[in-house]
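Novice:
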Amino acid sequence: MSIEFLRQPETRAISQEQLVTEVKGIYAGLVMVESKCIEVDNAQNAETDPANKPINHEQWQALIALHRTLLYEHHDFFLASQHPSASPALRRVLG
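Shown next, in the form of structure tokens:
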């Protein structure tokens with residue numbers, strides 16, 4: 013029986029400038045998706061008057077997908093800001 017080790021995927025170097033630009037872009041996307049989530053949630057809460065009918069399956073799926081996107085944006089932001097090449101200042105963004 014032989015044991016084979018998997019190699020880690022090769023990564024390319026990234027400059028501090030590139031990383032900061034990446035984090036800023038991710039943050040902009042995060043803010044945009046978060047604003048949309050708030051807008052949709054507020055609209056949904058306004059419609060939860062007992063006189064209105066509940067949302068249908070397709071609406072639930074769209075709402076879930078939107079919040080999933082927000083979660084992914086937060087995850088990407090976390091990973092980018094904690095990148096091994098990140099400066100201490102960039103790492104503190106989440107602090």
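Numbering (the working numbering), first residue to last: 13 to 107.
Just so it is clear, CB atoms sit at the ideal spot from N, CA and C, and this is done for glycine as well.
(1) Could you check the C-alpha separation between His-79 and Ser-93 for me, to the nearest Å?
(2) Just verifying my parser: in three-state terms, what is the DSSP assignment at Glu-85?
(3) Among residues of its own chain, excluding the 5 on either side of Ala-98, which ones have a beta-carbon nearer than 7 Å to its beta-carbon?
(4) Excluding the 5 residues flanking Glu-46 on each side, which residues of the same chain have their C-beta closer than 7 Å to its C-beta?
(5) May I have the straight-line CA-CA distance separating Glu-109 from Leu-75, to the nearest angstrom?
Specialist: Concretely, from the data shown:
(1) The count along the sequence shown starts at 1 and reaches residue 79 at position 67. The count along the sequence shown starts at 1 and reaches residue 93 at position 81. Cα to Cα, His-79 sits roughly 21 Å from Ser-93.
(2) Here residue 85 refers to the residue found at position 73 when the sequence shown is read from its first residue. The answer is helix: DSSP assigns Glu-85 an H, G or I state.
(3) Here residue 98 refers to the residue found at position 86 when the sequence shown is read from its first residue. Excluding sequence neighbours, Ala-98 sits near Leu-31.
(4) Here residue 46 refers to the residue found at position 34 of the sequence shown. For Glu-46, where only same-chain residues beyond five positions count, the Cβ hits under 7 Å are Leu-82.
(5) No answer is possible for residue 109: it lies beyond the span of the chain, which begins at 13 and ends at 107.
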